[in-house]
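So the structure is just underneath, and the comments pick up after that.
In our numbering, the protein residues as written are 763 to 1410.
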C-alpha cells in the first residue's frame, strides 16, 4: 500500500496540488483524470520519486517494485529492439550468471560430505527455482509476445532502436516495464502513440495484471475498460470515486447536486437562527437563549460547495463552401520509401459531405495517404484528383510542432490571417482559453495541450470544405476532445480523420477505411461497426500472417492472381453501383431503426395495466404484428444489400 499524505505543490503564485491525500491499495486499477495542467503527471512523478513536493510525504511498503512510464523518456541507443526489451530481465540474468558459477564450482569440488558443499547445493536449488518462477526459461519468448502485442513485427526484433520514431521507442519502454512486472505500474498517457490493435491488447493485459495500475489517460474507452477507481484532480483538490470513468461522471453529478442541496438547507437553517438571535439578543429573559444559538452557529461545520473548473474552449468551424459532388478521386496510388512499399495501387473516393475514418496499425499508410490528398506529399505513382472548388484544411499529426516557437500567440495567429479577421484574433484566442496577457506568451513556453489548442484556433481562420485531421486528439484532454467532436459533428463539409481514439470516432464517421497489407479495406459504418466486423478478439491473427477470415496472406495473394482486371468502364459501373448500395444501406438502416422504435412503443402500450380489456387492444395487436413482419422484410433487404456491397 502506498500512502500519499498532504502533498503540496506550488508553481509561482499558482497552487497545483493543495495538500492532497489518498491511498493506493493492492491490485487496484486507478484512473487519474482532470484537465491538462491540473497536476496529474506531477503527482505520478512524485510517487515515482522523480520529483519532490514542496511539502508532504509518500510512504511505501517495506518491500516493493515500481515501474513508471513517463512522457520525457530517453531510450539508450546501440541495441536492437529485442536486446533493449531483454534489459527488463537484468536481475534474472544476474541470477542466471550465479547459477552458472555455482554449477561450475559444483563440478570442480570433491568435498561432497562438507557443510559448505551442502549449502552450495541448497543455493543452487533455490536459485534454479527462483529462475523458473521469474520466467528465466522463456525470457525471449515472453519479450517477443509483449513486443508483438504492442505492434512490433517479427522482422523488427533485430532492428536498432534508433531506427524507430519516438512513439515506437515509447512502446519499447512500455514493453520493458510490463516485462519487469512491478508491484505498482504507473503509466502516463500510455495510449498516445498506440494504434487501436495495440490499445486493445494493452487493455486486456492490464485487466489481468497481478499488480496495481495507476494510469493517466484521455481515452474514455480505455479508462472504462481498465480502471475500477477514478481520482479526479481539479483546482488543486482531488475527488476519489470507487468507479470507472463513465460511472464516475454520473457519481460526480450526483455528488455536486447533493452538496448543493445540503448547502442550501444549511444556509436556510443559519438564516433562521440568525433571525432568532437578532430578535432575542436585546431581551433580558431571552439573552441566554440567543447566546446558545450563537454557540450553535460557531460549532456548526459549514458546508461549502466545491469550486468547479468550468473553463472550456469554444470551437465552431466556418460554414463550408459548396464543392463538387466528388471531393477526392484517387486511382492506382503507389507510395514507396526506397524499397519499402507503403501503398500499393490503392483507390479511394470521397463524395461531398462524406465522413471517413482512417484506421489501422501504425506504419500502414494512414498519414501517408492523408498527406498525399492534402498535397504536402507526392505519390510514387497514380493519380489523385480534387473535385471542383475543393478547399482543404489539413491538421498534421505534429501540427502543434510546426508552430514557430519564437512567435507570440497573437503573432502566430496573425501569420497568414485574412485581413477581415485580424480585429477578431484576441476574441478567437479567448475562445480557446488564451486570455489577457496569454496572447503575448511565446509559443515555446506552451504545453502540448496549449499548442494543440492554438493549432486548432489557426484552422478556424479560413473556411474549408474538406477537413483532413491526423490524430487531432493528441495532447487534448477529455473535455476538449468532446468539444472538438461536437464541432466536427456540426461541421457541414467533408471529413477525413485519422485517429486511434474509439470514443472520439464513434458516431463521428459513416465510413471506416482500414489500412492493412498496403491495401485499403472499407467498412460502411463507424469505428464500432468496424471493430465488430473485424472481430477484435482475433486481431493478433493479422500479425501472424492471417486475414480476418483466417486465410493466410499467401492464400489471399494466390486467389488475387486469379482475378480478372476490370476495364475502366467496368470500374466506373462498379463504383456507381457501390454508391447506390451505400444509399440503399443508409435508407435500410434508418427504416430498421424506425420500425424497431415503433415496436418498442407498441410493446410499452401492451404492458400497460388493463390493455387487453381496452377497445383498441385488437387494433394495436394487429399493427404490432404487421410492424414485426415489416421489420423482418426490412432486415432481409438490409442483409442482401450488405452482402452485395461486401462482395464489391
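Using N, Cα and C, we set each Cβ at its ideal position, and we do this for glycine too.
Using 10 angstroms around the beta-carbon of residue 1348, count the other beta-carbons present and answer buried if the total reaches 16, otherwise exposed. In the chain shown, the residue the question calls residue 1348 occupies position 586. Under the 10 Å beta carbon count, residue 1348 is surrounded by fewer than 16 other beta carbons and is classified as exposed.
Please look up how many angstroms separate the CB atoms of residue 1403 and residue 1350, rounded, as I've assumed it's under 8 Å. Position 641 of the chain shown holds residue 1403. Position 588 of the chain shown holds residue 1350. With a Cβ gap of about 6 Å, residue 1403 and residue 1350 count as contacting.
Close beta carbons around residue 1237, own chain, < 6 Å, minus the five adjacent residues each side: The sequence position of residue 1237 within the chain shown is 475, counting from 1. So the list reads 1210, 1211 and 1214, once near-sequence residues are dropped.
Opening and closing residue of the beta strand (DSSP E) in which residue 1236 lies: The residue you call residue 1236 lines up with position 474 of the chain shown. No beta strand (DSSP E) holds residue 1236; DSSP gives it neither H nor E.
Taking 8 Å as the limit between beta carbons, can you name the residues of its chain near residue 1113, skipping five residues before and five after? Start at 1 with the first residue of the chain shown, and residue 1113 comes out as number 351. Within the same chain, residue 1113 has close Cβ partners 1087, 1088, 1089, 1256 and 1341.
Which of helix, strand or coil DSSP assigns to residue 839: As a working mapping, residue 839 is identified with position 77 in the chain shown. Correct three-state label for residue 839: coil.
Name the two residues that bound the continuous beta strand (DSSP E) containing residue 975. Counting from one through the chain shown, the residue named residue 975 turns up at place 213. Its beta strand (DSSP E) spans residues 974 to 978.
So, is residue 1398 buried or exposed, given that buried needs 16 or more other C-beta atoms within 10 angstroms? Position 636 of the chain shown, counted from the start, is the residue given in the question as residue 1398. Residue 1398 comes out exposed.
Please list, in chain order, all residues of the same chain as residue 1024 whose beta carbon is under 7 Å from its beta carbon, the five residues on each side excluded. Residue mapping note: residue 1024 aligns to position 262 of the chain shown, counting from 1. Excluding sequence neighbours, residue 1024 sits near 1065.
Considering only DSSP beta bridges, list what residue 879 is partnered with. Residue 879 sits at position 117 when you count from the first residue of the chain shown. Residue 879 is not bridged to any residue.
Reference residue 1173; option with closest CA among 1220, 800 and 827: Working through the chain shown from its first residue, we reach residue 1173 at position 411. For residue 1173, the nearest C-alpha among the options comes from 1220.
If you compare alpha carbons, which of 1241, 1248 and 1265 is closest to residue 996? Looking up residue 996 in the chain shown gives position 234. Each of 1241, 1248 and 1265 was checked against the Cα of residue 996, and the nearest Cα belongs to 1241.
Status (buried if at least 16 other CB within 10 Å, exposed otherwise) for residue 980: Numbered from 1 along the chain shown, position 218 holds the residue referred to as residue 980. Its Cβ being crowded by 16 or more others within 10 Å, residue 980 is buried.
Count the other CB atoms, across all protein chains shown, that sit within 10 Å of the CB of residue 922; report buried if there are 16 or more and exposed otherwise. As a first step, residue 922 must be located in the chain shown, where it is residue number 160. Answer is exposed; the Cβ neighbour count stays below 16.
Can you check whether the CB of residue 1009 is closer than 9 Å to the CB of residue 1003? Taking the first residue of the chain shown as 1, we reach residue 1003 at position 241. Taking the first residue of the chain shown as 1, we reach residue 1009 at position 247. The answer is yes: Cβ separation under 9 Å.
Cα separation between residue 1136 and residue 1115? Along the chain shown, read from residue 1 onward, the residue named residue 1136 stands at position 374. Along the chain shown, read from residue 1 onward, the residue named residue 1115 stands at position 353. When rounded, the distance between both Cα atoms is 17 Å.
Is the CB-CB distance between residue 1407 and residue 1277 below 9 Å? Position 645 of the chain shown, counted from the first residue, corresponds to residue 1407. Position 515 of the chain shown, counted from the first residue, corresponds to residue 1277. Going by C-beta atoms, residue 1407 is not nearer than 9 Å to residue 1277.
Length of the line joining the Cα atoms of residue 937 and residue 1357: The residue labelled residue 937 in the question sits at position 175 within the chain shown. The residue labelled residue 1357 in the question sits at position 595 within the chain shown. One C-alpha to the other measures close to 49 Å.
Would you give the residue range spanned by the beta strand (DSSP E) that residue 1256 belongs to? Here residue 1256 refers to the residue found at position 494 of the chain shown. Start and end: 1256 to 1260.
Have a look at residue 1156 and residue 1230 and give me their C-alpha separation to the nearest angstrom. For this step, residue 1156 is matched to residue 394 along the chain shown. For this step, residue 1230 is matched to residue 468 along the chain shown. Between the C-alpha atoms of residue 1156 and residue 1230 there is a straight-line separation of about 5 Å.
Option nearest residue 1405 by Cα separation, candidates 1385, 1218, 1343 and 1384: Your numbering for residue 1405 matches position 643 in the chain shown. Minimum Cα distance to residue 1405 is reached at 1343.
Could you check the C-alpha separation between residue 1106 and residue 1144 for me, to the nearest Å? Translated into positions along the chain shown, residue 1106 becomes position 344. Translated into positions along the chain shown, residue 1144 becomes position 382. Approximately 10 Å, taken between the alpha carbons.
Inspect the beta-carbon positions of residue 889 and residue 861 and report whether they are closer than 9 Å. Stepping through the chain shown from its first residue, residue 889 is reached at position 127. Stepping through the chain shown from its first residue, residue 861 is reached at position 99. It is a contact, given that the beta carbons lie within the stated cut-off.
Go through its chain and collect everything with a Cβ distance to residue 1243's Cβ below 6 Å, but skip five positions before and after it. Taking the first residue of the chain shown as position 1, residue 1243 is located at position 481. Answer for residue 1243: 1235 and 1266, listed in chain order.
Give me the Cα-Cα distance between residue 1190 and residue 772, rounded to the nearest whole angstrom. Translated into the one-based positions of the chain shown, residue 1190 becomes position 428. Translated into the one-based positions of the chain shown, residue 772 becomes position 10. In this structure, the straight-line span from the alpha carbon of residue 1190 to that of residue 772 is close to 30 Å.
Nearest-angstrom Cα distance between residue 1254 and residue 1233? To locate residue 1254, count along the chain shown from 1; it is residue 492. To locate residue 1233, count along the chain shown from 1; it is residue 471. Roughly 20 Å separates the two Cα atoms.
Integer-rounded CB distance, given that residue 1223 should sit under 8 Å from residue 1179: For the purposes of this step, residue 1179 is taken as residue 417 along the chain shown, with counting starting at 1. For the purposes of this step, residue 1223 is taken as residue 461 along the chain shown, with counting starting at 1. At roughly 5 Å, the Cβ-Cβ gap stays under 8 Å, so residue 1179 and residue 1223 are in contact.
If I measure Cβ to Cβ from residue 1152 and keep anything under 6 Å in the same chain, skipping five residues before and after, which residues do I get? One-based indexing of the chain shown puts residue 1152 at position 390. Excluding positions up to five away in sequence, the list reads 1085, 1089 and 1228.
Using DSSP with H/G/I as helix, E/B as strand and the rest coil, what is residue 948? Here the question's residue 948 lines up with position 186 in the chain shown. Correct three-state label for residue 948: strand.
How big is the Cα-Cα spacing for residue 977 and residue 804? As a first step, residue 977 is located in the chain shown; it is residue number 215 there, counting from the start. As a first step, residue 804 is located in the chain shown; it is residue number 42 there, counting from the start. Going from the Cα of residue 977 to the Cα of residue 804 covers about 13 Å.
Looking at the unbroken alpha helix (DSSP H) that takes in residue 959, where does it start and where does it end? Against the chain shown, residue 959 aligns to sequence position 197. 958 to 969 is the span of the alpha helix (DSSP H), which, as asked, contains residue 959.
Along the chain, where does the alpha helix (DSSP H) containing residue 1111 start, and where does it finish? Working through the chain shown from its first residue, we reach residue 1111 at position 349. Unbroken run through residue 1111 is the beta strand (DSSP E), 1102 to 1113; no alpha helix (DSSP H).
What's the call for residue 940, buried or exposed, on a 16-neighbour Cβ count within 10 Å? Taking the chain shown and counting its residues from 1, one reaches residue 940 at position 178. Classification of residue 940: buried, given that the 10 Å Cβ count is 16 or more.
Check whether the stretch 768 to 788 and the stretch 815 to 828 touch, using three or more Cβ-Cβ pairs below 8 Å as the test. At 8 Å Cβ cutoff, the stretches touch.
Between 1041, 994 and 944, which has its C-alpha nearest residue 826's C-alpha? Here residue 826 refers to the residue found at position 64 when the chain shown is read from its first residue. Check the Cα spacing between residue 826 and each of 1041, 994 and 944: the tightest is with 944.
C-beta atoms of residue 1079 and residue 1226 nearer than 9 Å: For this step, residue 1079 is matched to residue 317 along the chain shown. For this step, residue 1226 is matched to residue 464 along the chain shown. In this structure, residue 1079 places its C-beta atom within 9 Å of the C-beta atom of residue 1226.
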